[in-house]
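S.K.:
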Amino acid sequence: MDLGIKGRTALVCAASRGFGKAVAMQLASEGVHVAMCARGAADLEKAAAQVRRAAQAAGHPDIQVLARSVDVTAEEAMADFVTAVERDLGPVGMALVNAGGPPAGRFFELEGEAWDAAYRLNLASAAALCRRVLPGMMERGWGRIVQITSVSVRQPVENLVLSSVIRPAAHALVRCLADEAAPRGVTVNSVAPGFHATSAVERLIDRKIRDEGCTREDVLAGWTKEIPMRRLGKPEELAALVVFLMSEAAGYITGQCLTADGGWVRGTF
Ligand SMILES: NC(=O)c1ccc[n+]([C@@H]2O[C@H](COP(=O)([O-])OP(=O)(O)OC[C@H]3O[C@@H](n4cnc5c(N)ncnc54)[C@H](OP(=O)(O)O)[C@@H]3O)[C@@H](O)[C@H]2O)c1
535 MDLGIKGRTA LVCAASRGFG KAVAMQLASE GVHVAMCARG AADLEKAAAQ
585 VRRAAQAAGH PDIQVLARSV DVTAEEAMAD FVTAVERDLG PVGMALVNAG
635 GPPAGRFFEL EGEAWDAAYR LNLASAAALC RRVLPGMMER GWGRIVQITS
685 VSVRQPVENL VLSSVIRPAA HALVRCLADE AAPRGVTVNS VAPGFHATSA
735 VERLIDRKIR DEGCTREDVL AGWTKEIPMR RLGKPEELAA LVVFLMSEAA
785 GYITGQCLTA DGGWVRGTF
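So in this note's numbering, the last one in the sequence shown is 803, and the numbering has no gaps at all.
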């Protein structure tokens, strides 16, 4: 299937590992120029090299990959990054709004500062990035914004109170922006992953082992028992959904929250 995005430019946030990296790899394989950021420079450079190799292997040796160490919560640094991307790779046609997740914990374990930090990481940074990239997309009459949230948008997750409260607000932002952007040819959607095999989930497993004195196998068995697919997702599976939402073919899908969780959420809608 021709996704119709070859030659466009995508900004992929939080891209040195996990979902962000998987999305960057698939976009480059589709012939898209990719600008990627994360905080840690070493992992980011390694990931950028893998993305370049993915583009070459797919027959797109001319694809440009730009990697810059930026914290998505640093609004000015992100604005500078977007300016550099537009100068070096061309106008941003697609953006993956992504960041690390807020720390695990129950309500009485988390102080006010943790709430402020979660707001800055998973909501304010998303709004700031959309403020920066959306006007150009609307002016040009084409654009795709996809935000990574979590199944906690649909159903609170045990021991993840910050995610369960902030993520639904992040999708509400997507819904509001979708209304404003649709008449100008821009779609705005979110994807809500369930448990996927990334380093974020490895950290959750380590915490459970520490808190509950159980084994890694116990943790995985406990989770997969609740997942009808009986396994964790692969980051590449979520990336395929994101890249489809960024494609020409997905031009009539906007304001949606698409869940990819192996059937974990039991709600009818
Ligand atoms: N994996 C899952 O099962 C799952 C399920 C639901 C939701 N999610 C959410 O999906 C998002 C991505 O998760 P993942 O599984 O891909 O995590 P991951 O494997 O830990 O990767 C996180 C990426 O985000 C970067 N990052 C973290 N904080 C950042 C910041 N402030 N600014 C820029 N980059 C930042 C990290 O690099 P640096 O640390 O070097 O910055 C890394 O590249 C998270 O919000 C997570 O909570 C994950």
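All C-beta atoms in this analysis are idealised placements derived from N, C-alpha and C, irrespective of residue type, glycine included.
If the criterion is Cβ atoms closer than 8 Å, does the pair LYS742 and VAL753 meet it?
M.R.: Cβ distance < 8 Å, so LYS742 and VAL753 count as in contact.
S.K.: Just reading off the beta strand (DSSP E) that HIS567 is part of, what are its end residues?
M.R.: Its beta strand (DSSP E) spans residues 567-572.
S.K.: Taking the alpha carbon of ALA629 as the point to measure from, which residue in GLU647, GLU746, LEU663 and LEU545 has its own alpha carbon closest?
M.R.: It is LEU545.
S.K.: Note down the Cα distance separating GLU564 from GLU771, rounded to an integer number of angstroms.
M.R.: Using only the alpha carbons, I get a separation of about 16 Å.
S.K.: Taking the beta strand (DSSP E) that MET628 falls in, what are its first and last residues?
M.R.: Unbroken beta strand (DSSP E) run through MET628: 628-631.
S.K.: Is ASP605 near ligand 1 - that is, is its Cβ less than 7 Å away from at least one heavy atom of it?
M.R.: Yes, the Cβ of ASP605 comes within 7 Å of a heavy atom of ligand 1.
S.K.: Using only CA atoms, which one of ARG586, ASP577 and GLN584 lies nearest to SER603?
M.R.: When only C-alpha atoms are compared, the closest one is ASP577.
S.K.: Please identify the residue among GLU751, ALA783, ALA726 and ALA549 whose C-alpha is closest to the C-alpha of ARG573.
M.R.: Considering only alpha carbons, the answer is ALA549.
S.K.: Could you tell me whether any non-hydrogen atom of ligand 1 is closer than 7 Å to the CB of ALA652?
M.R.: Incorrect: ALA652 has no Cβ contact closer than 7 Å to ligand 1.
S.K.: Name the DSSP beta bridge partners of HIS730, please?
M.R.: Note: HIS730 sits in a beta bridge opposite GLY767.
S.K.: What is the DSSP secondary structure of GLN560, reduced to helix, strand or coil?
M.R.: DSSP places GLN560 in helix when its eight states are reduced to three.
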